[in-house]
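Residue numbers (the numbering used here): 7 to 201.
Shown next, in the form of structure tokens:
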């Protein structure tokens with residue numbers, strides 16, 4: 007009998023904790039500095055360095071679009087709604103290319119990936135960005151001599167890109183990470199040589 011009373015009392019407390027956790031606001035990104043460090047200029051044409059035996063950048067699981075069931079399924083199976091993937095929406099904001107052209111101004115960066123896509127970043131920005139129906143909060147700016155871009159989707163997954171010069175400014179390094187629920191989903195480094 008005591009076990010039942012304890013469970014009955016604990017049940018509402020557990021329910022209240024779950025409701026509070028669900029209502030908690032998602033974390034907000036903190037704006038970064040808009041001041042360009044003296045002597046730092048990422049401008050130029052850059053070629054991805056391909057190291058012998060290097061692994062390509064790992065990809066995140068893709069979010070499925072429309073699923074078409076196989077013809078041999080029964081009608082009951084075809085009527086069920088498709089299961090949602092555990093994909094990470096923030097991945098749509100990750101651009102890649104083997105050839106980059108970066109133009110740096112006093113207020114921002116323009117990065118052209120393989121002459122196909124141009125991303126514009128304003129130093130010190132804190133805004134909502136979108137690709138189709140997917141929205142995310144983005145902040146970008148300087149942390150010492152590193153240009154940092156953080157993009158967080160509505161589920162709290164965080165894409166972080168860190169761009170900095172290395173090897174006497176002859177190499178551009180891009181560190182990429184995606185973290186969701188305090189677990190690293192992706193970690194990669196790309197090195198570019200002046201082209």
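The beta carbon of each residue, even a glycine, is placed where N, CA and C say it ideally should be.
Worksheet item: If we count the other Cβ atoms within 10 Å of its Cβ and call it buried at 16 or more, is residue 57 buried or exposed?
Response: exposed
Fill in: Presumed contact (8 Å Cβ cut-off) between residue 171 and residue 48, rounded CB distance
Contact flag correct, Cβ pair sits at about 7 Å.
Worksheet item: When the Cα of residue 169 is compared with those of 160, 159 and 183, which residue comes out closest?
Response: 183
Item to complete: Whole angstroms is fine: what's the gap from residue 129's alpha carbon to residue 59's?
Response: 36 Å
Discussion item. I need the DSSP call for residue 107, collapsed to helix, strand or coil.
Written reply: DSSP places residue 107 within a strand segment (E or B) once states are collapsed to three.
Item to complete: Return the chain-ordered list of same chain residues with a C-beta closer than 6 Å to the C-beta of residue 193, the five sequence neighbours on each side being excluded.
Response: 183
Worksheet item: Around the C-beta of residue 122, are 16 or more other C-beta atoms found within 10 angstroms, so that it is buried, or is it exposed?
Response: exposed
Worksheet item: Could you give the C-beta distance for residue 177 and residue 198, rounded to a whole number, given that I count them as a contact under 8 Å?
Response: With 8 Å as the limit, residue 177 and residue 198 qualify as a contact, their Cβ atoms being about 7 Å apart.
Practice prompt. Buried or exposed for residue 97, please, with buried defined as at least 16 other CB atoms from any protein chain shown within 10 angstroms of its CB.
Written response: Buried.
Item to complete: Go ahead and label residue 126 buried or exposed: buried means 16 or more other beta carbons lie within 10 angstroms of its beta carbon, across all protein chains shown.
Response: By the beta-carbon neighbour count (other beta carbons within 10 angstroms, threshold 16), residue 126 is exposed.
Worksheet item: Starting from residue 133 and walking both ways along the beta strand (DSSP E), at which residues does that stretch end?
Response: Its beta strand (DSSP E) spans residues 132-137.
Item to complete: For residue 195, count neighbouring Cβ atoms within 10 angstroms of its own Cβ and tell me buried if that reaches 16, exposed if not.
Response: exposed
Item to complete: Kindly indicate the opening and closing residues of the beta strand (DSSP E) around residue 142.
Response: Run containing residue 142: 140-149, per the beta strand (DSSP E) assignment.
Practice prompt. Tell me whether residue 98 sits in a helix, a strand or coil according to DSSP, three-state version.
Written response: helix
Worksheet item: Around the C-beta of residue 115, are 16 or more other C-beta atoms found within 10 angstroms, so that it is buried, or is it exposed?
Response: buried
Fill in: Pairwise C-alpha distance: residue 100 and residue 138
Using only the alpha carbons, I get a separation of about 14 Å.
Practice prompt. Would you identify the three-state DSSP class for residue 83, choosing helix, strand or coil?
Written response: Low confidence applies here, because residue 83 scores a pLDDT of 41, under 50, leaving its location unreliable; read the following figure in that light. Residue state, collapsed to three classes: helix.
Item to complete: Could you tell me which of 148, 190, 189 and 107 sits nearest to residue 41, measuring between CA atoms?
Response: 148
Worksheet item: When the Cα atoms are used, what is the spatial distance from residue 104 to residue 120?
Response: 6 Å
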